[in-house]
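Residue numbers (my numbering): 1 to 230. Each remark here refers to the structure printed beneath this line.
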């Protein structure tokens with residue numbers, strides 16, 4: 001299948017050039033002219049990769065990138081930021097909000113295509129593994145199955161997403177707000193205590209056979225998946 005690329009660019013001539021060259025290389029291209037349109041387009045149909053201009057009307061490219069990284073569907077989508085800003089601190093800002101690569105205008109089209117293809121190869125290799133492991137817990141992202149010590153564990157959709165989010169960064173303490181944004185989505189209003197309810201359900205499912213608790217509660221901070229949790 002041809003990879004789908006979302007181009008977010010308000011300069012018409014540059015958008016035309018990017019579309020022409022990417023379609024010639026075999027990509028399917030979608031367009032967004034501003035940050036708000038980009039977020040809507042990525043929600044409706046998450047692309048395989050995003051080429052994102054920094055300076056955009058309504059919502060900046062940096063804020064678009066930040067919001068995309070909070071959402072489950074777009075958290076791992078490769079993003080290349082395009083900008084006229086060439087200083088190192090600007091590049092660092094772009095990478096810190098979640099961009100995978102950064103190119104300064106004017107840029108070489110063959111180089112952009114090569115970088116995009118490299119990011120997609122890396123993303124496809126990562127997705128093909130489709131599996132997270134922690135201690136004796138295994139989560140298969142392709143079949144949506146979870147097992148502990150070789151025994152299948154039934155989880156509801158929310159508990160599965162919550163476990164996947166925690167297992168992606170073992171030992172890292174996520175606040176309730178981070179979990180709400182990452183698991184439920186930043187645009188959905190859910191009471192913070194809802195996180196506690198689903199954590200209890202997840203604990204019950206994981207510890208049902210008398211296994212040690214691996215979800216650590218950090219008072220006034222949040223939750224982590226960790227060995228020796230209490």
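Using N, Cα and C, we set each Cβ at its ideal position, and we do this for glycine too.
Chain-order list of residues whose beta-carbon lies under 7 Å from that of residue i (same chain, five-residue window excluded)
i, result
"residue 136", "148, 149"
"residue 218", "173, 224"
"residue 25", "113"
"residue 140", "130, 131"
"residue 109", "21"
Contact set for residue i: own chain, Cβ-Cβ below 8 Å, skip 5 residues either direction
i, result
"residue 128", "Residue placement at residue 128 cannot be trusted, given a pLDDT of 48 that sits under 50; what the coordinates show is reported in the next sentence. Once the five neighbours on either side are set aside, residue 128 has no close Cβ partner at all."
"residue 65", "52, 79, 81, 94, 97, 98, 99"
"residue 222", "173, 174, 175, 176, 178, 179"
Buried/exposed call for residue i, threshold 16 Cβ in 10 Å
i, result
"residue 102", "buried"
"residue 42", "buried"
"residue 89", "exposed"
"residue 7", "buried"
"residue 12", "exposed"
Terminal residues of the beta strand (DSSP E) in which residue i lies
i, result
"residue 218", "215-218"
"residue 81", "79-83"
"residue 145", "145-148"
Element boundaries [alpha helix (DSSP H), containing residue i]
i, result
"residue 90", "88-96"
6 Å Cβ shell around residue i - same chain, five flanking residues per side excluded
i, result
"residue 71", "185"
"residue 166", "225"
"residue 115", "101"
"residue 83", "54"
"residue 73", "46"
Those residues which DSSP pairs with residue i across a bridge
i, result
"residue 32", "8"
"residue 133", "138"
"residue 50", "6, 79"
"residue 104", "83"
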